[in-house]
Structure formats: structure tokens, C-alpha cells
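Just below is one structure, and these are the notes that go with it.
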Amino acid sequence: MSKILVIADHAGGQLRKGTLGVITFARQLAAKSGGSFDLAVIGQGVGAVAQAVTGYGAGKVYVIDSAELAKYTAQGYAQAVAEVARKAGATVVAACASSFGKDCMPRVAVKLAAGMASEVVGLGNGAGVTYVRPMWAGNVLGEVEITTPVHVVTVRTAEFDSAAPAGGPSPVEAVATTVSAAALKQRLLDFRPTVSARPALTEARVVIAGGRGLKSKDNFKIVYDLADALGAAVGATRAAVDAEFIENDYQIGQTGKIVAPDLYIGAGISGAIQHLAGMKNAKVIVAVNKDEEAPIFTVADYGLVGDLFKVLPELTARLKVRKG
Ligand SMILES: Cc1cc2nc3c(=O)[nH]c(=O)nc-3n(C[C@H](O)[C@H](O)[C@H](O)COP(=O)(O)OP(=O)(O)OC[C@H]3O[C@@H](n4cnc5c(N)ncnc54)[C@H](O)[C@@H]3O)c2cc1C
Numbered sequence: 002m003s004k005i006l007v008i009a010d011h012a013g014g015q016l017r018k019g020t021l022g023v024i025t026f027a028r029q030l031a032a033k034s035g036g037s038f039d040l041a042v043i044g045q046g047v048g049a050v051a052q053a054v055t056g057y058g059a060g061k062v063y064v065i066d067s068a069e070l071a072k073y074t075a076q077g078y079a080q081a082v083a084e085v086a087r088k089a090g091a092t093v094v095a096a097c098a099s100s101f102g103k104d105c106m107p108r109v110a111v112k113l114a115a116g117m118a119s120e121v122v123g124l125g126n127g128a129g130v131t132y133v134r135p136m137w138a139g140n141v142l143g144e145v146e147i148t149t150p151v152h153v154v155t156v157r158t159a160e161f162d163s164a165a166p167a168g169g170p171s172p173v174e175a176v177a178t179t180v181s182a183a184a185l186k187q188r189l190l191d192f193r194p195t196v197s198a199r200p201a202l203t204e205a206r207v208v209i210a211g212g213r214g215l216k217s218k219d220n221f222k223i224v225y226d227l228a229d230a231l232g233a234a235v236g237a238t239r240a241a242v243d244a245e246f247i248e249n250d251y252q253i254g255q256t257g258k259i260v261a262p263d264l265y266i267g268a269g270i271s272g273a274i275q276h277l278a279g280m281k282n283a284k285v286i287v288a289v290n291k292d293e294e295a296p297i298f299t300v301a302d303y304g305l306v307g308d309l310f311k312v313l314p315e316l317t318a319r320l321k322v323r324k325g
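In the numbering used here, the protein residues as written are 2 to 325.
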């Protein structure tokens, strides 16, 4: 029987949508193992986030609200997560495989002497609890068993539908923390978020990605124009990032962000496996490439063999006419 603790991912006082994918994972695991799940919200001024997660049927919503956690550090948050995990008697501690989860959860695993499975995409079909996770840039799926009493897991939330509210409201319980910001060896000096009016890449329903085929930073304007016409987020390949057409925050793929939008449009992208690892779960994939042999066409639902410098502006113009 698993006692699962889901760590809520949030920013700017708002719950990040990925948390709802982790709740779905927790529900699946609880159903399989006959267990139950709780939620934990950690930070400062997180009352609204705690309220936002009370309707999902968790046994409890644990809240650590402390001025000592006003600024995120992996050290401080890992200590707080471990504290709340012990308090909840958690046997599985799960979080999004987001920047937060990737940074914080391995430290949590050390603190809890727990084995860890990262980037989990599903549960194994056997009788026991095993976790399915991609390996080799997503070319194979491995099924891993964790043999320690406590498991720490990060979940690829694009693989799990967002949970809908169900199961009634959960009681909220405040938990004290021993974290002292002054005692930590890490201090956050400055935080410079990417400011954009467009949706966040990992949460967007539509993503327009550009590759080396764009040829220059200035040319990326046609990607931005199409994104704005569709209310979409912008993404890129590593080649486009390396060529400094766009900042690396926008990179999709094995060493970038994992996206699973309803619609992904890739322009001037060959479709290397490392890029596909980050977007092949999009519901509909559209590729624009002048080379009909480009590997991206093997995963595309719609392929347009053509010059992106003609196709993208035409598409944008037509969308604007339809909107206007
Ligand atoms: C360890 C490792 C990790 C990596 N991680 C990532 C990652 O996370 N994400 C990632 O993206 N890559 C990653 N890469 C790099 C990856 O292998 C590829 O090099 C990269 O994805 C290629 O980017 P691209 O498709 O933009 O460029 P290219 O492969 O050069 O493709 C450009 C495409 O544009 C087309 N094109 C050119 N002009 C036009 C035009 N006018 N109209 C239409 N089409 C045109 C061409 O036909 C071509 O198919 C990684 C590599 C390694 C080794």
C-alpha cells in the first residue's frame, strides 16, 4: 500500500498546471497499490495555492508557509519536502519533472534514503509497483523497481492528463519547518524570469518551434508572428539555440523542455531524435520543411514540403484574416 505525497509546483502564487498531471499519476498509483495520496504546498504566502488543490480528493493538504522559504533554494526546499514527507508518513514522494522537481527531488531522495525514478511516464503492468521511464533519448522505455522503503519520483506531466477536481475537499494542515535561510549554504541572490506575453512553453496548448532552417535571429520574427496569431508559445531546436537565434530557455528536446501541446508546428527542423524526445507526444504534429526526406515527416500528422519563408507568413496572414 502506497502513501503518496504530491509536492505542488507553483510560481507567483499560482499553481502550475503540471501538478494536476502528478495528481493523476498519484491517483493511478493509489488505485494500483490500494493506497492513498496527500498533497504538500511549500513556500511563503501559499494560501491560494493550497486552496487551489483542496478539491482533488487528497487525504490531506499539508502546508509549510514560512518566510524562511520566501526565496527558492534546492537546499531549503529539499529540507522542507523531507520534513513534510516524514510527517505524512509518505512511502512515495512525487513531483513534476520540472526545473523545480529536477533540482530539488534528488536532494529529497538523499535525505529520505530513498531510491529515485526520474521522468516517469507510466506504471508497469505487473502486480508490483514499477515505474516506466524513457532512456536513451526516449528510444527505449525502461521499467524500474525501487527497492528502498521510500520512493522519490519525478513525473513527466505531459504523459498524464490533468486531474479534474473529484473526491471532495481535503482538510488543510499547517506544518512547521526547521528551515533557516541563514543556515543554508545556498542563497538566492537574483531571479530573472523570462518575461513574455506568450504562454509558457511547457503549459501551452499550441507551440510553434523554429530550427536552423530559420537561418538567423531576425528571421525568427516570422515564428513569433505566427505564434502571436495563434496565441501560441515559441520553441526551438538546440541548433537554433546554439546559433544564437533564440535563448536556450526555449529549447525543446532531450536537453531542453518536454512539451505535449495539442498542436505543435515545427518549421525548418530536421527531426533529430534529441528534438523528437521533447515533442513527439504532441497531439497533432505539423512539420514544414523544404526537404521531403526530413525525418520529422515520419512523426508528423501533417507535413508541408515547402519553403518556410513563404509558408509561415502566408499562414499568419490567413489566420489574421480569419480572426479580423
Ligand atoms: C547529447 C545531445 C543532446 C541534444 N539535445 C537536443 C535537444 O534537446 N533539442 C534539440 O532540438 N536538439 C538537440 N540536440 C541536437 C540534435 O542532434 C540536432 O542537431 C538538432 O535538433 C538539429 O536542429 P535543427 O533541426 O534545427 O537543424 P538541422 O538538423 O540542421 O535541420 C534544419 C532543417 O531545416 C530545413 N530547412 C532549411 N531551410 C529551409 C527552408 N527555407 N524552408 C523549410 N525548411 C528548411 C532543412 O531541410 C533541415 O531539415 C542534441 C544533440 C546531442 C548530441
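Think of the CB as a built atom: it goes at the ideal place given N, C-alpha and C, for glycine as much as any other residue.
Model, not experiment: these values are computed from the prediction.
Residues with C-beta closer than 5 Å to any heavy atom of ligand 1, in chain order: 212, 213, 214, 238, 239, 240, 254, 255, 256, 257, 269, 270, 271, 273, 275, 276, 290, 291, 292, 295, 308, 309
Reduced DSSP category for residue 251 - H, G, I as helix; E, B as strand; rest coil: The count along the sequence shown starts at 1 and reaches residue 251 at position 250. If DSSP states are grouped into helix, strand and coil, residue 251 belongs with the helices.
Closest Cα partner of residue 262 within the set 236, 246, 87, 98: By one-based count along the sequence shown, residue 262 stands at place 261. Among 236, 246, 87, 98, the Cα nearest to that of residue 262 is on 236.
Residue 80 classed as buried or exposed, judged by whether at least 16 other C-beta atoms fall within 10 angstroms: One-based indexing of the sequence shown puts residue 80 at position 79. So residue 80 counts as buried.
Contacts around residue 240, its chain only, beta-carbon distance under 7 Å, and the 5 residues preceding and following it disregarded: Counted from its first residue, the sequence shown places residue 240 at position 239. Result list for residue 240: 212, 213, in chain order.
When 274, 319, 162, 267 are compared against residue 301, the one with the closest alpha-carbon: Locating residue 301 in the sequence shown gives position 300, where the first residue counts as 1. Of the candidates 274, 319, 162, 267, the residue whose Cα lies closest to the Cα of residue 301 is 267.
Residue 76 beta carbon less than 8 Å from that of residue 326: Outside the modelled stretch of the chain, which goes from 2 to 325, sits residue 326, for which no answer is possible.
Residue closest to residue 132, alpha-carbon to alpha-carbon, out of 203, 220, 157, 111: Position 131 of the sequence shown, counting from 1, holds the residue named residue 132. Ranking the options by Cα distance to residue 132, first place goes to 157.
Beta-carbon proximity of residue 155 to residue 98, cut-off 8 Å: Here the question's residue 155 lines up with position 154 in the sequence shown. Here the question's residue 98 lines up with position 97 in the sequence shown. A contact, by the Cβ cut-off of 8 Å.
Same chain, Cβ closer than 6 Å to residue 276, neighbours up to 5 away in sequence not counted: Taking the first residue of the sequence shown as position 1, residue 276 is located at position 275. Result list for residue 276: 238, 254, in chain order.
Beta-carbon spacing of residue 278, residue 139 below 8 Å: In the sequence shown, residue 278 corresponds to position 277, counting from 1. In the sequence shown, residue 139 corresponds to position 138, counting from 1. Closer than 8 Å, so yes.
Residue span of the beta strand (DSSP E) that contains residue 245, given as start and end: As a position in the sequence shown, residue 245 is number 244, starting the count at 1. Run containing residue 245: none; DSSP gives neither H nor E here.
Given residue 11 as reference, the closest of 29, 54, 27 once Cα atoms are compared: Sequence index remark: in the sequence shown, residue 11 carries index 10 (1-based). The option with the nearest alpha carbon to residue 11 is 54.
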